[in-house]
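Asker: Numbering (the numbering used here), first residue to last: 60 to 409.
Note that beta-carbon positions come from the ideal geometry of N, C-alpha and C, so glycine has one too.
Okay, handing you the structure first.
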Ligand code: HEM
């Protein structure tokens, strides 16, 4: 009897050691991901100049009486209603914030071209973006002035990496100093070409990536750094669109949704050791783990380009446990509200 008790005790101790080691290894894959909102003085100056450059460009290009639109991602391929359904098979370590909830959120989803006017040809090279706004998200948000918002936004585009490795590169790009940018960092030319040269049949069958990282977990704790992705529905579901149609992307998305609901998959990719938070021009290598389904409502009839014009999507409109990381977060915290304020005020006066 005594030997049986000793055996059980030994086995339990062994099990505890093994489990404990597992937990330790898991914790070691997490990092202190500090709140990085401060930034350096040099960076603050660059950010403030970027805000000024965006507003100056908007003022210069705006035609009296015209609707004041977004500085970039001006052209929409439709804003659609959807349900963001949290999956039940999420690994425990990813059940944080929004992904800890069992259930679903109502969402608005706006697809866009990154550059050029709202009337430009969709077949021309371009970045393709998607912005997802969840409704009914409880808890304070990071964005100053929007702390009590019940919305949480995700912004993604159709390349894995972000074309600007550092804040100086972005500063040159925003200031229209393309020559100086390529001279400063010749790699950016290839990154930009990669970003815009992808043939897109339909916004709903395209894969999108947050490109830049976000926290997963509360500040002050060990937490993960993650990126998001949104995988398109099987492209075999929909036929090849008419590429000569100037607005074929919106027409293709609406035609698909006229037939019935369409589902895309939202995933999380965890940063691995040695991968960068600040430089997002190099891809991360971790698996994309599905955490939610984005199910678009069926649409009746056509959807106008102007649908969703009045909305503001901002990656900083986020729960603190999902706060943006790295210099792009610090830039976007200032630039997006400035552009939104400019266009809202202009439209009120029209
Ligand atoms: C520091 C880098 C960036 C700057 C300066 C920047 C700038 C902007 C600006 C000014 C807007 C218009 C905001 C408005 O008026 O509401 C915008 C929208 C957008 N951006 Fe960025 N952006 C940056 C990085 C990114 C990244 C990394 C992504 C995604 C991977 C992204 C995706 C989008 C999308 C999808 C929209 C359209 C949102 C909508 O539909 O309203 N941006 N961006």
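1. Reducing DSSP to helix, strand and coil, say where residue 230 ends up.
2. Going by other Cβ atoms of all chains shown within 10 Å of its Cβ, with 16 needed for buried, is residue 270 buried or exposed?
3. Since I believe residue 261 is in contact with residue 223 (beta carbons under 8 angstroms), could you give me their beta-carbon distance rounded to a whole number of angstroms?
4. Determine which residues share a DSSP beta bridge with residue 171 and list them.
5. With hydrogens ignored, establish whether the beta-carbon of residue 395 is closer than 6 angstroms to any heavy atom of ligand 1.
6. Assuming residue 277 and residue 92 are in contact, meaning their beta carbons sit under 8 angstroms apart, how far apart are those beta carbons, in whole angstroms?
7. Nearest CA to the CA of residue 129: which residue from 203, 330, 398, 408?
8. Taking 7 angstroms as the CB-CB cut-off, is residue 142 touching chain D?
9. Exposed or buried, what is residue 69 when buried is set at 16 or more other beta-carbons lying within 10 Å of its beta-carbon?
10. Mapping DSSP to helix, strand and coil, what is residue 161?
11. At a threshold of 6 angstroms, does residue 150 count as lining ligand 1 (C-beta to nearest heavy atom)?
12. Taking DSSP's pairing of strands, which residues face residue 17 in a bridge?
13. DSSP state of residue 262, grouped into three classes?
14. Considering only C-alpha positions, which residue in the set 342, 353, 301, 116 is nearest to residue 320?
15. Taking the alpha carbon of residue 267 as the reference point, which residue from 396, 273, 275, 254 has its own alpha carbon closest?
16. Let me confirm a value: residue 96 is counted as buried when at least 16 other C-beta atoms fall within 10 Å, else exposed. Which label applies?
17. Check whether the Cβ atoms of residue 127 and residue 406 lie closer than 7 angstroms to each other.
18. For ligand 1, any of its heavy atoms closer than 6 angstroms to the Cβ of residue 237?
19. Would the C-beta of residue 132 count as close to ligand 1, meaning under 6 angstroms from any of its heavy atoms?
20. In angstroms, rounded to a whole number, what distance separates the CA positions of residue 308 and residue 164?
21. Do you know offhand how far residue 290's Cα is from residue 264's?
22. Run through the DSSP bridge pairs and tell me what residue 166 is partnered with.
23. What's the C-alpha gap between residue 98 and residue 394?
24. Tell me whether residue 410, by its Cβ, gets closer than 6 angstroms to a heavy atom of ligand 1.
25. Could you check where the beta strand (DSSP E) with residue 249 kicks off and where it finishes?
26. DSSP state of residue 354, grouped into three classes?
27. Indicate the three-state DSSP secondary structure (helix, strand or coil) for residue 109 in the structure shown.
Answerer: With the structure as the only source:
1. Reading the chain shown from its first residue, position 171 is the one you call residue 230. Helix.
2. Along the chain shown, one-based indexing puts residue 270 at 211. Residue 270 should be labelled buried.
3. Position 164 of the chain shown holds residue 223. Position 202 of the chain shown holds residue 261. No, residue 223 and residue 261 are not in contact; Cβ-Cβ is about 28 angstroms, not under 8 angstroms.
4. Counting from 1 along the chain shown, the entry for residue 171 is found at position 112. Beta-bridge pairing links residue 171 to 135, 188.
5. Here residue 395 corresponds to residue number 336 of the chain shown, with the count starting at 1. Indeed, a heavy atom of ligand 1 lies less than 6 angstroms from the Cβ.
6. Within the chain shown, residue 277 is the residue found at index 218, counting from 1. Within the chain shown, residue 92 is the residue found at index 33, counting from 1. About 10 angstroms separates the two Cβ atoms, so there is no contact after all.
7. For the purposes of this step, residue 129 is taken as residue 70 along the chain shown, with counting starting at 1. Nearest in C-alpha terms to residue 129, of all of 203, 330, 398, 408, is 398.
8. Absent here is chain D; the protein component of the structure consists of one chain.
9. Counted from its first residue, the chain shown places residue 69 at position 10. Note that residue 69 scores 41 on pLDDT, short of 50, meaning its location in the model is unreliable and no value can be drawn from it.
10. On the chain shown, residue 161 is found 102 positions in, with the first residue counted as 1. Here residue 161 sits in coil by DSSP.
11. Residue mapping note: residue 150 aligns to position 91 of the chain shown, counting from 1. Not under cutoff, so the answer is no.
12. This structure does not reach residue 17, given that the chain is present from 60 up to 409, and the question cannot be answered.
13. The sequence position of residue 262 within the chain shown is 203, counting from 1. Residue 262: helix per DSSP, three-state reduction.
14. The residue given as residue 320 occupies position 261 in the chain shown. Ranking 342, 353, 301, 116 by Cα distance to residue 320 puts 353 first.
15. Mapped onto the chain shown, residue 267 falls at position 208. Among 396, 273, 275, 254, the Cα nearest to that of residue 267 is on 254.
16. As a position in the chain shown, residue 96 is number 37, starting the count at 1. Looking at its Cβ environment, which holds fewer than 16 other Cβ atoms inside 10 Å, residue 96 is exposed.
17. As a working note, residue 127 is residue 68 in the chain shown. As a working note, residue 406 is residue 347 in the chain shown. Going by C-beta atoms, residue 127 is nearer than 7 angstroms to residue 406.
18. Locating residue 237 in the chain shown gives position 178, counting from the first residue. No; taking the cut-off as 6 angstroms, the Cβ of residue 237 has no heavy atom of ligand 1 nearer than that.
19. As a first step, residue 132 must be located in the chain shown, where it is residue number 73. Yes, Cβ of residue 132 sits closer than 6 angstroms to a heavy atom of ligand 1.
20. Mapped onto the chain shown, residue 308 falls at position 249. Mapped onto the chain shown, residue 164 falls at position 105. Taking the straight line from one Cα to the other gives about 26 angstroms.
21. Translated into positions along the chain shown, residue 290 becomes position 231. Translated into positions along the chain shown, residue 264 becomes position 205. Answer to the nearest angstrom: the Cα atoms are 8 angstroms apart.
22. Along the chain shown, one-based indexing puts residue 166 at 107. DSSP output for residue 166 lists 141, 193 as bridge partner(s).
23. Here the question's residue 98 lines up with position 39 in the chain shown. Here the question's residue 394 lines up with position 335 in the chain shown. Taking the straight line joining both Cα atoms gives about 15 angstroms.
24. The displayed coordinates of the chain run from 60 to 409. Any statement about residue 410 would go beyond what the structure contains.
25. Along the chain shown, read from residue 1 onward, the residue named residue 249 stands at position 190. Premise fails: residue 249 lies in the alpha helix (DSSP H), 246 to 255, not in any beta strand (DSSP E).
26. Within the chain shown, residue 354 is the residue found at index 295, counting from 1. Strand at residue 354.
27. Translated into the one-based positions of the chain shown, residue 109 becomes position 50. If DSSP states are grouped into helix, strand and coil, residue 109 belongs with the helices.
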